[in-house]
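The number in my numbering is simply the position in the sequence shown, starting from 1, with 577 added. For every residue, glycine included, the Cβ atom is placed at its ideal position computed from N, Cα and C. Okay, structure first, notes after.
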Amino acid sequence: MAKLGSTKRPLILRVGSDEAAMAAMAICERHGWHYILGMEPDKPEDLRDLGRALRRTGRSDESGAMVPFAQRFPDIARLETRTAMVGPDDTELPEDDYTFVESYCADPSCDCRRVLVAVLSARQRAHVATINHAFDPSADDVEEYQTYLDPLNPQSDLSPALLELFEEVILRDEVYCRRLERHYDLMKTSGARRIVAPTVSAPYITRRSAPPPTLDERAREANRRKRERQKARKKRR
Numbered sequence: 578m579a580k581l582g583s584t585k586r587p588l589i590l591r592v593g594s595d596e597a598a599m600a601a602m603a604i605c606e607r608h609g610w611h612y613i614l615g616m617e618p619d620k621p622e623d624l625r626d627l628g629r630a631l632r633r634t635g636r637s638d639e640s641g642a643m644v645p646f647a648q649r650f651p652d653i654a655r656l657e658t659r660t661a662m663v664g665p666d667d668t669e670l671p672e673d674d675y676t677f678v679e680s681y682c683a684d685p686s687c688d689c690r691r692v693l694v695a696v697l698s699a700r701q702r703a704h705v706a707t708i709n710h711a712f713d714p715s716a717d718d719v720e721e722y723q724t725y726l727d728p729l730n731p732q733s734d735l736s737p738a739l740l741e742l743f744e745e746v747i748l749r750d751e752v753y754c755r756r757l758e759r760h761y762d763l764m765k766t767s768g769a770r771r772i773v774a775p776t777v778s779a780p781y782i783t784r785r786s787a788p789p790p791t792l793d794e795r796a797r798e799a800n801r802r803k804r805e806r807q808k809a810r811k812k813r814r
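Printed below as a string of structure tokens:
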């Protein structure tokens, strides 16, 4: 049988969004894999072939460790890591750019469904907060999300305000929340596990070793996401 990812046996992938498509394509391009990618927003994603191919790369076992997303997927992290720009009029936080760097549990047998977010200050060049965020509601439904300052990791005087910024602004972006869960799935799959079960077959878009997005394409995609966030904020008002 031909090798998975070769021209005779391309990866068969189904995604539901442009972001997921870009992420899957970036991984395939990084490894030189051929693939057939289908865009079907109304159906569950099917990335099982991508998981099988990643398991063949022979990654070391990092069970139990919180691994930075950028360590395994640097190209995606460059495009999709969130930064909040706080201006001089903010009363709680000093003017600065705060980057929210994600880490995930690397144990493929664990389904913790959470992310550890390190908040980095550009001006201070320091780690100023660590936020632990779970994707699912708490068992008692008291809180919508289980989100808190992690007591075992670095914090600062700015941590409470940064937690409020994360909860009241960053997590209000549904695109960002879906992105976190997709990053979680990618990390678990790359470590050896979980992906959504397939549905009935459907027509696919064939792509073969497409070039990675250019800087202009990345800028257009960033502007598109910005417009979506602005529209979402207007609807909430």
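Within 8 angstroms, strictly: CB atoms of residue i and residue j
i, j, result
"Leu581", "Leu588", "yes"
"His611", "Ser583", "yes"
"Ala809", "Asp750", "yes"
"Ala598", "Leu624", "no"
"His704", "Pro737", "no"
"Pro728", "Val678", "no"
"Ala601", "Leu627", "yes"
"Pro670", "Leu742", "At residue 670 the sequence reads Leu, which differs from the Pro that was named. In this structure, Leu742 lies closer than 8 angstroms to Leu670 by Cβ."
"Met764", "Arg649", "yes"
For residue j and residue i, believed in contact at Cβ under 8 angstroms, the rounded distance
i, j, result
"Leu726", "Ile747", "Not confirmed; about 15 angstroms, so no contact."
"Val706", "Leu735", "Per the sequence presented here, residue 706 reads as Ala, with Val not at that position. Confirmed, Cβ separation roughly 6 angstroms."
"Thr660", "Tyr675", "7 angstroms"
"Glu557", "Val663", "It is not possible to answer for residue 557, since the shown part of the chain is limited to 578 through 814."
Straight-line gap, residue i to residue j (C-alpha atoms, nearest Å)
i, j, result
"Ser767", "Asp666", "42 angstroms"
"Asp684", "Leu693", "14 angstroms"
"Pro651", "Arg607", "10 angstroms"
"Glu744", "Met616", "31 angstroms"
"Pro618", "Val592", "7 angstroms"
"Leu631", "Gly609", "12 angstroms"
"Arg655", "Lys585", "32 angstroms"
"Lys811", "His710", "26 angstroms"
"Ile653", "Met643", "18 angstroms"
"Gln723", "Lys620", "28 angstroms"
"Gln701", "Ser733", "12 angstroms"
"Arg633", "Arg691", "26 angstroms"
"Arg629", "Arg756", "21 angstroms"
"Arg801", "Ser686", "36 angstroms"
"Cys605", "Leu739", "35 angstroms"
"Thr668", "Ala695", "22 angstroms"
Closest Cα partner of residue i within the set the options
i, options, result
"Ala647", "Gly628, Pro618, His760 and Arg801", "His760"
"Phe712", "Pro621, Asp750, Ala695 and Cys754", "Cys754"
"Glu758", "Arg801, Glu622, Leu631 and Gln701", "Glu622"
"Val752", "Pro714, Arg655, Leu739 and Glu805", "Glu805"
"Pro714", "Ala695, Leu740, Cys689 and Arg801", "Cys689"
Identified DSSP bridge partners for residue i
i, result
"Cys682", "Met643"
"Ala661", "Tyr675"
"His704", "Leu697"
"Leu818", "Outside the modelled stretch of the chain, which goes from 578 to 814, sits residue 818, for which no answer is possible."
"Ala711", "Arg691"
"Tyr725", "Asn709"
"Asp623", "Arg591"
Below-8 angstroms beta-carbon distance, residue i vs any chain D residue
i, result
"Ser594", "Any reference to chain D falls outside this structure, which holds one protein chain only."
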